[in-house]
Amino acid sequence: SVSQNCLPEFARLDLSQQTSLFELLSFSKLREWDFNVFDISAIDEENTLLFVAWAIIGSPYSQFAMAKQLGQSNLQLSHLEGYSFADLDIKIEFGTLFSYLCAIQKDYKPSNPYHNAIHAADDVQTLHSLIHMSGNLFDAEEIFSILVASAVHDVKHPGMNNAFQTNTFSTLALIHNDAAVLESEHSYHAYKLMIQGLSDEGDNLNFLCHVTTPKFAEIRKRIIEAVMHTDMSKHFSTVASINNQTVGKTLDEMDLKLRWGILMYMLHLADISNPAKGSPMFQLWTDRCLDEFFAQGDNERKLGLPISPNCDRNETKKPESQIGFINFVVKPAYEVLAGIIPMVGENILPIIENNLMYWEDQKGR
Numbered sequence: 471s472v473s474q475n476c477l478p479e480f481a482r483l484d485l486s487q488q489t490s491l492f493e494l495l496s497f498s499k500l501r502e503w504d505f506n507v508f509d510i511s512a513i514d515e516e517n518t519l520l521f522v523a524w525a526i527i528g529s530p531y532s533q534f535a536m537a538k539q540l541g542q543s544n545l546q547l548s549h550l551e552g553y554s555f556a557d558l559d560i561k562i563e564f565g566t567l568f569s570y571l572c573a574i575q576k577d578y579k580p581s582n583p584y585h586n587a588i589h590a591a592d593d594v595q596t597l598h599s600l601i602h603m604s605g606n607l608f609d610a611e612e613i614f615s616i617l618v619a620s621a622v623h624d625v626k627h628p629g630m631n632n633a634f635q636t637n638t639f640s641t642l643a644l645i646h647n648d649a650a651v652l653e654s655e656h657s658y659h660a661y662k663l664m665i666q667g668l669s670d671e672g673d674n675l676n677f678l679c680h681v682t683t684p685k686f687a688e689i690r691k692r693i694i695e696a697v698m699h700t701d702m703s704k705h706f707s708t709v710a711s712i713n714n715q716t717v718g719k720t721l722d723e724m725d726l727k728l729r730w731g732i733l734m735y736m737l738h739l740a741d742i743s744n745p746a747k748g749s750p751m752f753q754l755w756t757d758r759c760l761d762e763f764f765a766q767g768d769n770e771r772k773l774g775l776p777i778s779p780n781c782d783r784n785e786t787k788k789p790e791s792q793i794g795f796i797n798f799v800v801k802p803a804y805e806v807l808a809g810i811i812p813m814v815g816e817n818i819l820p821i822i823e824n825n826l827m828y829w830e831d832q833k834g835r
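In case it helps, this note's numbering puts the sequence shown at residues 471 to 835.
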């Protein structure tokens, strides 16, 4: 069921846009740490997530389809790199998967400065880059699961965080009993769409319709667990736990259960990777993040609630907010990953140090 046909969203772009996307969405370009997802959103903002997820999860067939669309008949499928998830026993329905991802993309809120579909696309690409650095010692079905989890991990995000939901007794907080409110909503919605489809169109979007019930349950459990792992309140305990379990071991010495734990950890680190990216990405994401935080702070002020950390536009200083976040959250977490994946130490830790220096310099201005 592998679709070698092009996505209609790609086919309807003009030739120069298709040519640019074909270059940007090559498997090798997509695994670079300095990939700039805003290059994709500049071409077709509303389909950024769809294109990035299609190019990565559908590889190498997606690259082949783009080449065919551009009339490059000399390109052979066997010469293209990719995950080839079509070879998995679970017989993924790729046409349905891309319709599903299209529906997921529409359910990200474009008015959120930060938690929108571009962030999700960035997450998928960043995770893909980390998987490449790891030497890809993971089970292919687990890689498929974590990449899908990454695409859906913030769907329906309202732009206000968990604390805001619980403090305002929002409908979401009530539905999810104040427990990991947003993460519960993201995974609930991802599966509701998959199993019930789009209510007005009546078609189901289950791209795993060929798997046995136990296998479906296993993949479902994994995707939910991975999305729940992006809850920032679990950050410090997760870092400590991964550190304890992996210290002094290489990836190939770790059992499958621990490797899945590391994949979930990599998804979480992709989610907080903005301060680990080069220029201009780290500045762009910082501005978007603080815009969203300040909008929440304005709401909290209006409602007479305590203003959440880094959400007060009158008090929060951009450099200081980033220095704290890097020193306490991002850097120690990436140092643990560097202990497991040496390329992280070589490629990413120096960028984090550079960005720290940048913000220290900004502080004095």
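C-beta: ideal position from N, C-alpha, C; glycine also. If you're wondering where the values come from, they're calculated on a predicted model, not measured in any experiment.
Looking at residue 728 and residue 804, is the spacing between their C-beta atoms short of 8 Å?
no
Going by Cα to Cα distance, which pick from 475, 734, 571 is closest to residue 675?
571
Rank 643, 685, 603 by C-alpha distance to the C-alpha of residue 558 and give the top, closest one.
685
Residue 588 and residue 486 closer than 8 Å at C-beta
no
Assuming residue 651 and residue 636 are in contact, meaning their beta carbons sit under 8 Å apart, how far apart are those beta carbons, in whole angstroms?
7 Å
State the DSSP-derived secondary structure class of residue 471, mapped to helix, strand or coil.
Residue placement at residue 471 is poorly supported in this model, since its pLDDT is 48, which falls under 50; the coordinates still yield a value, given next. If DSSP states are grouped into helix, strand and coil, residue 471 belongs with coil.
Could you give the first and the last residue of the continuous alpha helix (DSSP H) run that contains residue 830?
819-833
Find out if the Cβ-Cβ distance for the pair residue 663, residue 562 is shorter than 8 Å.
no
According to the Cβ coordinates, are residue 730 and residue 612 closer than 8 Å?
yes
If I follow the unbroken alpha helix (DSSP H) through residue 713, where does it start and stop?
705-716
Nearest-angstrom Cα distance between residue 600 and residue 529?
17 Å
Mind checking residue 489: buried by the 16 CB within 10 Å criterion, or exposed?
exposed
contact_flag[the stretch 746-764, the stretch 714-727] where n(CB pairs < 8 Å) is 3 or more:
no
Exposed or buried, which one is residue 498 when buried takes at least 16 other CB atoms within 10 Å?
exposed
Euclidean distance between Cα positions of residue 835 and residue 554:
50 Å
Given residue 822, which residues of its chain have a CB within under 7 Å of its CB, disregarding the five upstream and five downstream residues?
745, 746, 796, 800, 801, 804
Could you please give the first and the last residue of the uninterrupted alpha helix (DSSP H) stretch that includes residue 632?
632-637
Please give me, in chain order, every unbroken run of the alpha helix (DSSP H) with length at least 4 that falls completely inside the stretch 639-690.
641-645, 651-666
Note the first and the last residue of the continuous alpha helix (DSSP H) segment covering residue 478.
478-481
Which term fits residue 549, buried or exposed, when burial requires 16 or more other beta carbons within 10 angstroms of its beta carbon?
exposed
Locate the alpha helix (DSSP H) running through residue 514, then write down its first and last residues.
508-514
Is the Cβ-Cβ distance between residue 813 and residue 536 less than 8 Å?
no
Pull up the distance between the alpha-carbon of residue 596 and that of residue 501, whole angstroms please.
8 Å
Do you know how far the Cα of residue 690 is from the Cα of residue 757?
35 Å
Just the C-alpha distance for residue 629 and residue 573, rounded to the nearest angstrom, thanks.
19 Å
When you compare only the Cα positions, how much space is there between residue 525 and residue 726?
27 Å
Tell me, to the nearest whole angstrom, how far the beta carbon of residue 760 is from that of residue 786; I am working on the premise that it is less than 8 Å.
7 Å
Alpha carbon to alpha carbon, what distance is there between residue 680 and residue 471?
Its pLDDT being 48, under 50, residue 471 is placed unreliably by the model, and the measurement read from it follows with that caveat. Cα to Cα, residue 471 sits roughly 11 Å from residue 680.
Which ranges would you report for the alpha helix (DSSP H) in the stretch 724-761 if only whole runs of at least 4 residues count?
726-741
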